[in-house]
Amino acid sequence: NFQQHQGVEFNNPDGTPVHAISDGVVVFAGPAEQGANTIAVRHDRKLKGLFVYSVYYHNTTLVASLGQRVKAGDVIATVGNTGRATNDHLHLEVHAAPVDSVPLIVDPNERYPRYSVNPELWIRPLPGTGIVAGQVWDAQGRPVPQARVYGLIKAEPQETPFSYAETYGEHNHPDPAYREHFAVSDVEPGDYTVSVVVDGKRLTRRIRVEANRLTWVVFGSGAH
Numbered sequence: 725n726f727q728q729h730q731g732v733e734f735n736n737p738d739g740t741p742v743h744a745i746s747d748g749v750v751v752f753a754g755p756a757e758q759g760a761n762t763i764a765v766r767h768d769r770k771l772k773g774l775f776v777y778s779v780y781y782h783n784t785t786l787v788a789s790l791g792q793r794v795k796a797g798d799v800i801a802t803v804g805n806t807g808r809a810t811n812d813h814l815h816l817e818v819h820a821a822p823v824d825s826v827p828l829i830v831d832p833n834e835r836y837p838r839y840s841v842n843p844e845l846w847i848r849p850l851p852g853t854g855i856v857a858g859q860v861w862d863a864q865g866r867p868v869p870q871a872r873v874y875g876l877i878k879a880e881p882q883e884t885p886f887s888y889a890e891t892y893g894e895h896n897h898p899d900p901a902y903r904e905h906f907a908v909s910d911v912e913p914g915d916y917t918v919s920v921v922v923d924g925k926r927l928t929r930r931i932r933v934e935a936n937r938l939t940w941v942v943f944g945s946g947a948h
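Encoded structure:
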């Protein structure tokens, strides 16, 4: 079993440039949890009145500085393995918070920030691929936590081949715009039969994934 994760990982060699995902202002630049060199950007764009932040962990070098305005694509750091990391990689988080408070987003003593959302819904998928997101409900109309959703194909990352998606657990949070229970990016286009076990029964759905589009799928007799 894997620990619940609140971000997405990008394995790259030490020194690889890290780019801002959108326009904004650097509101944190320094050591965060377990000493990870970290950059946090508060973005100009809001979502349903919420403040949106992106946070970049484990960097070797911080290129951007506190208070600096950055644009999408600007180099703000370089990949490393500082802090709680076993290899060189970028750990990217996205947060949507009701208040503009950096300590709520980057807290060295908080392993599971309360306003994190799935970054795969906030960054473009790889060229020629799409996104699949959806919900999994039980018979009582409750979200099914940590259910495995099988049947999707992702070409990347090759070093850790994709096997299945998993619905969110107690430390994961749906996006305010989608209220999804899971989301997977970089899915190869095509027709898929996806399946999940709910209340001891295997449920299947046929879906079509298109490049640069989001495909929505719902499982469960208690679906909303």
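Per the working numbering, the very first residue in the sequence shown carries number 725; after that it's consecutive. Even for Gly, the Cβ is constructed at its ideal location relative to N, Cα and C.
Give me the Cα-Cα distance between histidine 692 and tyrosine 780, rounded to the nearest whole angstrom.
-> The requested residue 692 is not part of the displayed model; the chain covers only 725 to 948.
Looking at the unbroken beta strand (DSSP E) that takes in proline 722, where does it start and where does it end?
-> The structure shown does not extend to residue 722, since the chain is modelled only from 725 through 948, so no value can be given for it.
DSSP on glutamate 757, reduced to helix/strand/coil?
-> helix
With which residues is arginine 793 paired in a DSSP beta bridge?
-> Val749
Between which two residues does the alpha helix (DSSP H) containing isoleucine 829 stretch?
-> 826 to 829
Would you tell me roughly how many angstroms separate the C-alpha atoms of aspartate 915 and valine 787, rounded to the nearest one?
-> 43 Å
In three-state terms, what does DSSP make of glutamate 934?
-> coil
Compute the Euclidean distance between the alpha carbons of tryptophan 846 and phenylalanine 906, then round it to the nearest angstrom.
-> 14 Å
Spatial neighbours of valine 841 in its chain, beta-carbon cut-off 8 Å, leaving aside the 5 residues before and after | Val818, His819, Ala820, His897, Pro898, Asp899, Pro900
Element boundaries [beta strand (DSSP E), containing glycine 858] = 854 to 860
What residue range is occupied by the uninterrupted beta strand (DSSP E) comprising phenylalanine 906?
-> 906 to 911
Count the other CB atoms, across all protein chains shown, that sit within 10 Å of the CB of asparagine 783; report buried if there are 16 or more and exposed otherwise.
-> Per the 10 Å Cβ criterion, buried.
With distances taken between CB atoms, is the gap from valine 873 to alanine 863 smaller than 8 Å?
-> no
Does glycine 914 come within less than 8 Å of chain D when only Cβ atoms are used?
-> No chain D appears in this structure, which consists of one protein chain only.
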